[in-house]
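Notes for the one structure printed next.
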Amino acid sequence: MVLADLGRRINNAVSEVTRSNVVDQNVVDTMLKEISNALMEADVDIKLVIQLRKKLKNKIDIDNDNDKQLGINKKKIIQKAVFDELCDLVNVENVEIFKPKKKQTNVIMFVGLQGSGKTTTCTKLAVYYQRRGFKVGMVCADTFRAGAFDQLKQNATKARIPYYGSYTESDPVKVAFDGVEKFKKEKFEIIIVDTSGRHRQEKELFKEMIEIGEAVKPNQTIMVLDASIGQAAESQANAFKESSNFGAIILTKMDGHAKGGGAISAVAASKTPIIFIGTGEHIHDLESFTAKQFISKLLG
Ligand code: GDP
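Taking UniProt numbering, the leading residue of the sequence shown gets 1, the next gets one more, and so forth.
Given below as structure tokens:
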């Protein structure tokens, strides 16, 4: 089930309660069951769904309530409880979100597997910051895949973002370092470093990420994850965590048929905040992500 349908189903389940004349345990249980089913069909981890259902049930404690007849108050409590619990499901608390500062260099390094949407997302983020008045440059540190530099160059040219890369240098660490140094000298405020997503061996890729990280000393490392892989997102994030201790995640391909729920809940469980979601192939298809905003939009 795609996310738009999930929102609709949860709304309908809550509406059933708000339309009822008397809000009793039976009505609440039906709603809880429907919300749980909808979440599971959207691929949210079953353990998280059970947890959410328990917490909701406790919050909406019908038996202990004297105002059973005061329907409006009760209904408001139920609506708020559903909203809050859904936010909790996708929220990561106590993690400071990186905010680039003007008039200084902010290096942002991207990691993620090939095909996740890394290069596209680098460009989207570059455009996002450029529109907010930052001087932004992009560095292609993927020397493994033939055509990687051409792709970044093409994206950057289209978006009018200055870029750096090399057709001849085969050491990605050197390209990354040189690119960042060049842009630093030219007083660029945000330098986005795109990296390789594939290697002969995974171990080599992770080693490369460590070395590039040491060379460019990023202020922020972002992992790009394809939302359509569902709950597998968590193990993929964990695999990268060791080599490149990224502080944030961008989930791509949240448009179309991605169930989304799986990836979002899996990532939330890995305690790393999602900061943006990719919602299409176009340069502007990037939306900032906060739990409240996302759930508000989901529930329309
Ligand atoms: P990379 O190998 O990780 O650098 O991935 P690319 O940036 O080349 O993207 C792989 C494919 O995914 C391309 O066809 C992109 O247009 C597509 N893509 C990237 N982000 C999104 C997104 O948010 N939504 C959709 N629908 N497609 C995306």
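Even glycine gets a Cβ: it sits at the ideal position worked out from N, Cα and C.
Just curious, the alpha helix (DSSP H) that residue i is in, first and last residue?
i: residue 175; result: 172 to 185
i: residue 3; result: 3 to 19
i: residue 56; result: 46 to 59
i: residue 269; result: 261 to 269
i: residue 210; result: 202 to 216
i: residue 94; result: Residue 94 -> no alpha helix (DSSP H), and no H or E assigned at all.
i: residue 35; result: 25 to 41
i: residue 296; result: 291 to 298
i: residue 118; result: 118 to 131
i: residue 233; result: 233 to 243
Applying the 10 Å Cβ sphere with the 16-neighbour rule, what's the burial state of residue i?
i: residue 221; result: buried
i: residue 43; result: buried
i: residue 194; result: buried
i: residue 268; result: buried
i: residue 253; result: buried
i: residue 168; result: exposed
i: residue 69; result: Low confidence applies here, because residue 69 scores a pLDDT of 49, under 50, leaving its location unreliable and the question unanswered by this model.
i: residue 46; result: exposed
i: residue 228; result: buried
i: residue 50; result: exposed
i: residue 157; result: exposed
i: residue 291; result: buried
i: residue 146; result: exposed
i: residue 111; result: buried
i: residue 17; result: buried
i: residue 179; result: buried
i: residue 14; result: buried
i: residue 97; result: exposed
Spell out the partners DSSP gives residue i in its beta bridges.
i: residue 348; result: What the structure shows of the chain is the stretch from 1 to 300, and residue 348 is not part of that stretch, so it cannot be assessed.
i: residue 376; result: Only positions 1 to 300 of the chain appear in the structure, and residue 376 is not among them; the question remains open.
i: residue 163; result: 138
i: residue 111; result: 223
i: residue 195; result: 141
Looking at the unbroken beta strand (DSSP E) that takes in residue i, where does it start and where does it end?
i: residue 276; result: 274 to 278
i: residue 138; result: 136 to 141
i: residue 286; result: 286 to 288
Could you tell me the alpha carbon to alpha carbon distance between residue i and residue j, rounded to whole angstroms?
i: residue 200; j: residue 208; result: 12 angstroms
i: residue 27; j: residue 273; result: 35 angstroms
i: residue 244; j: residue 163; result: 23 angstroms
i: residue 107; j: residue 212; result: 12 angstroms
i: residue 188; j: residue 155; result: 19 angstroms
i: residue 303; j: residue 30; result: What the structure shows of the chain is the stretch from 1 to 300, and residue 303 is not part of that stretch, so it cannot be assessed.
i: residue 170; j: residue 143; result: 6 angstroms
i: residue 204; j: residue 117; result: 21 angstroms
i: residue 240; j: residue 36; result: 31 angstroms
i: residue 266; j: residue 296; result: 20 angstroms
i: residue 127; j: residue 190; result: 11 angstroms
i: residue 6; j: residue 19; result: 20 angstroms
i: residue 129; j: residue 271; result: 25 angstroms
i: residue 311; j: residue 282; result: The question about residue 311 has no answer, for the chain in this structure spans 1 to 300.
i: residue 73; j: residue 237; result: 42 angstroms
i: residue 113; j: residue 23; result: 49 angstroms
i: residue 91; j: residue 275; result: 11 angstroms
i: residue 133; j: residue 246; result: 25 angstroms
i: residue 34; j: residue 1; result: 14 angstroms
i: residue 54; j: residue 122; result: 40 angstroms
i: residue 311; j: residue 25; result: The requested residue 311 is not part of the displayed model; the chain covers only 1 to 300.
i: residue 119; j: residue 131; result: 19 angstroms
i: residue 105; j: residue 202; result: 31 angstroms
i: residue 279; j: residue 182; result: 32 angstroms
i: residue 150; j: residue 161; result: 14 angstroms
If contacts are defined as beta-carbon pairs under 8 angstroms, then residue i and residue j qualify, I think. What distance do you get, rounded to the angstrom?
i: residue 48; j: residue 89; result: 6 angstroms
i: residue 38; j: residue 60; result: Their Cβ separation, rounded to whole angstroms, is 17 angstroms, which puts residue 38 and residue 60 out of contact at 8 angstroms.
i: residue 218; j: residue 196; result: In fact, because the Cβ distance is near 15 angstroms, the residues do not count as touching under 8 angstroms.
i: residue 250; j: residue 224; result: 5 angstroms
i: residue 124; j: residue 226; result: In fact, because the Cβ distance is near 14 angstroms, the residues do not count as touching under 8 angstroms.
i: residue 230; j: residue 185; result: About 44 angstroms separates the two Cβ atoms, so there is no contact after all.
i: residue 139; j: residue 176; result: 6 angstroms
i: residue 40; j: residue 216; result: Rounded, the Cβ-Cβ distance is 42 angstroms, inconsistent with contact.
i: residue 52; j: residue 261; result: Contact flag wrong, Cβ pair sits at about 12 angstroms.
i: residue 174; j: residue 165; result: The pair is not a contact, with the Cβ atoms about 12 angstroms apart (cut-off 8 angstroms).
Looking at residue i and the ligand PLP, is the gap between the Cβ and the nearest heavy atom below 8 angstroms?
i: residue 288; result: Annotation note on the ligand PLP: not contained in the displayed structure, which lists the ligand GDP as its ligands.
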